[in-house]
Each structure stands twice: as structure tokens, then as C-alpha cells.
Amino acid sequence: MFTHNTLLSLLAATTALATPAPAREAKPPFFILAGDSTTAPIQPWKGTTAPGGGGWGDGLLKSLENGAAGVNLGHNGQTTVSYRENGYWKNLLSKIGDNNDKHDIYVTLAFGHNDQKEKSGISVAQYEANLEKMAEELKKLKANVIFVTPLTRRQFNSAGFLTANLDEQGLKTKAAATATKSAVIDLLGASKKYVQAIGKAEAWKFNADVREPKDVATSKDTTHLNHNGTVVFGRIVADLITVQVPTIAKYIKKEEKLTALIAAGKVATAEIPKADKKDKDDKKDDKKDAGKGDKPTTEKPETKKPTGEKAPTKKPAEEKPTN
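Printed below as a string of C-alpha cells:
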């Protein structure tokens, strides 16, 4: 027979069991950007030789606020296989442990440009499997995964239409996201739509080997981005993330004017970063050095129909977080 006190004790115990534990307060995100040179930091010119890489990553990181931070671990010439073989994946995993005490970790996975190349030996099925393996490893470390379909190449046919490129890689990236129950943003679709809307002449102003409008006539790099390109396409990535992962939208600055121009398919330009001023200073130095017998570097800009990026000859220096 239950006494009054016994009933009270049981009710108290039941109430305690039914009361959920307080939810863990979300921490500001720390973004780790993994990928090839279409994610990688913008690279400087070497005299009159254009950089061989540069992507949207820095543009995204510069949009972070409210305690959010990140690091760009995109590297030239990498595939879903070589990124591991060259030690970049191990370095990425260490960044999770270094930052997860104060941040919730978000890792973007953006590959495809080099996996697509025949010489990579990576089939589209292997590409998908490699992405899934990456996501599974990240999730075991409590990191949030955001798959990113590849940035479009800015190649047009004679009729002025953007040529189909990287479509298979885009589909397999989405499939990997579905298989691993991860978030995915369609940068390929969004960048194709925008590049087609503004047309070749304007789209090529984002090319890595273009420092001023007159350079468009001789531009050959339709894969990588200059400083203006990283801001514009970084904004596209930022806006896609705020839609697909709304819980972290408050950590990404709004650029309403730039967002509106992109959404309307109109030409968008960004404020020239300090790094672009350095590029202009480099050009002045080029003129001063002309005729002094300096030998040109052996590096060559990308051909007109690139299928990926040239792999680096040495490992880049350790990256430092942004923000």
C-alpha cells in the first residue's frame, strides 16, 4: 500500500525523468574549407605571370561575423584521393580538435575539377565513394558537413552559351550528401545561372589572369578567380549556406546590394580589396623592371580549356584562421 509520502516521492522521480536536459547552447561556427584550387586562397601574381589558382573560399570567410571564424584549406591540383595522400586531410582533422572547444565545426567539401580529369584515374563512382568516406569520418568527430558542388568553368560556345561542364561531378556530390544525410549547396547550378546571365565578356572579368578590363581579350584562365571573383562567388556560397543551413545564418554578414545584383543576373562588382592594390603596385614594378634582363618565370597560365588545376610543387605554409 502506497503512503502519501511514497506517492509524492514517485511523482517527483517521474517528473525528474520527464524533464529534458537543457539544450546545449550553440557555439559560433568554425568553417574549415576543403577542396581544390577553386576553393583555395587567391594567389599573387609573379611579375607578369598570372596565378595558377584562387577560388571562392576567402570570399566566404570574409563574410563571417559574430564570433564565427574559419580557415581555407583548399589546395591547387587536389582530388579526393591526393588530398589525403598529400597530408592535407590529416591537417584538416587536426583543425577540428584545435577549434571544437569554442566553436561548432562546419567542413565544406568542394572537389571535382581534378577528379574529372582522365589522368586522375578516378571514376565518378569512386569520386562519390571518396566524398562519402570523408563525410563519415568528419561526422565521427562531431563535425557538420556541407557538400559544395563544383564552381562552373566560364567557357562559352560560339553562340554565347555556357558549355556543359562538371555536371556528373555535381550530381555525384549531391548523391554523397544524400547518402550521408549531410547538407549540400548547389554552387555549380548557381554559378552557371549567374555566369550565363552576365555573359562571357563580363564573366571573364572574374578570371584569375585578369587584373583590369583590357586583360579579358588575352585571358585564358576560365577556372580560377581574381579578387573580385572571390568576393562575388564567395557571396553566392554564403547566401546558399544561409538558405540550406539557416541555424548559422546569423554568423554570415548580409550584403543585400551584392546579393540582389547576383539574384537578378546583373553585373556585380566588389570593393577592391587591399590585395588588389598590391597587384596594381606589382604592375608598376613590372614596368620599372622592363629591359633589365630579368628572365620570365617558367610558370604558365591555364590553357583556354582547362579541366582542373596544376598541382603545387611544394606544400603550402600552414594556414591561419580568419576572424
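In terms of mature numbering (1 follows the signal peptide of the UniProt record, and there is no 0), the sequence shown is residues -18 to -1, 1 to 305.
Even for Gly, the Cβ is constructed at its ideal location relative to N, Cα and C.
Report the three-state DSSP secondary structure of D80 (helix, strand or coil).
helix
Alpha carbon to alpha carbon, how far is I180 from P228?
28 Å
Residues near D267 in its chain [Cβ-Cβ closer than 6 Å; skip 5 each side]
Low per-residue confidence applies at D267: pLDDT is 43, beneath 50, and the placement is therefore not dependable, though the value from the model is reported in the following sentence. So the list is empty, once near-sequence residues are dropped.
Can you say whether V225 is buried or exposed, counting buried as having 16 or more other CB atoms within 10 angstroms of its CB?
exposed
Is the stretch 50 to 63 in contact with the stretch 119 to 135, if contact means three or more CB pairs nearer than 8 Å?
no
Under the rule that 16 or more other beta-carbon atoms within 10 Å means buried, what is S173, buried or exposed?
buried
Same chain only: Cβ atoms within 7 Å of K77, ignoring 5 sequence neighbours per side
I14 and V53
Just to confirm, is the Cβ distance from A117 to V106 under 8 Å?
no
Which of helix, strand or coil DSSP assigns to I218
helix
Assuming N208 contacts T251 (C-beta within less than 8 Å), just tell me the rounded distance between them.
Contact flag wrong, Cβ pair sits at about 11 Å.
Within its chain, find whatever has a CB closer than 7 Å to the CB of E114; leave out the 5 residues flanking it on each side and keep chain order.
A158, A161 and T162
Would you give the residue range spanned by the beta strand (DSSP E) that D86 belongs to?
D86 to A92
Extent of the continuous beta strand (DSSP E) run through I180:
Careful: I180 lies outside any beta strand (DSSP E), inside the alpha helix (DSSP H) at L169 to A185.
State yes or no: is the C-beta of T90 within less than 8 Å of the C-beta of V130?
yes
C-alpha gap between V166 and K156, whole angstroms:
7 Å
With distances taken between CB atoms, is the gap from G17 to Q25 smaller than 8 Å?
no
Thinking just about the alpha-carbon of each residue, which of H206, A220 and I230 is nearest to the one in K44?
A220
Verify whether the separation of the beta carbon atoms of P11 and D86 is less than 8 Å.
yes
Given Q178, which residues of its chain have a CB within under 6 Å of its CB, disregarding the five upstream and five downstream residues?
L144
Report all residues from its chain with a CB closer than 6 Å to the CB of L199; omit the five preceding and five following residues, and keep chain order.
One point to set straight first is that residue 199 is Ala, not Leu, in the sequence displayed. Closer than 6 Å at Cβ, skipping near neighbours: no residue.
Ignore the nearest five residues each way along the sequence and tell me which others in K154's own chain have a CB closer than 6 Å to its CB.
V106, Y109 and E110
Distance, Cα to Cα, D263 vs A32?
Note that D263 has pLDDT 47, beneath the 50 cutoff, so the model's placement of it is unreliable and no number is given.
From R217, T205 and N48, residue whose alpha carbon lies closest to that of H95
T205
Please report the straight-line C-alpha distance between S102 and L170, rounded to a whole angstrom.
21 Å
Just to confirm, are G41 and F188 a CB contact at a threshold of 8 Å?
no
What's the C-alpha gap between I230 and G49?
11 Å
How many Å lie between R66 and D97 at the Cα?
13 Å
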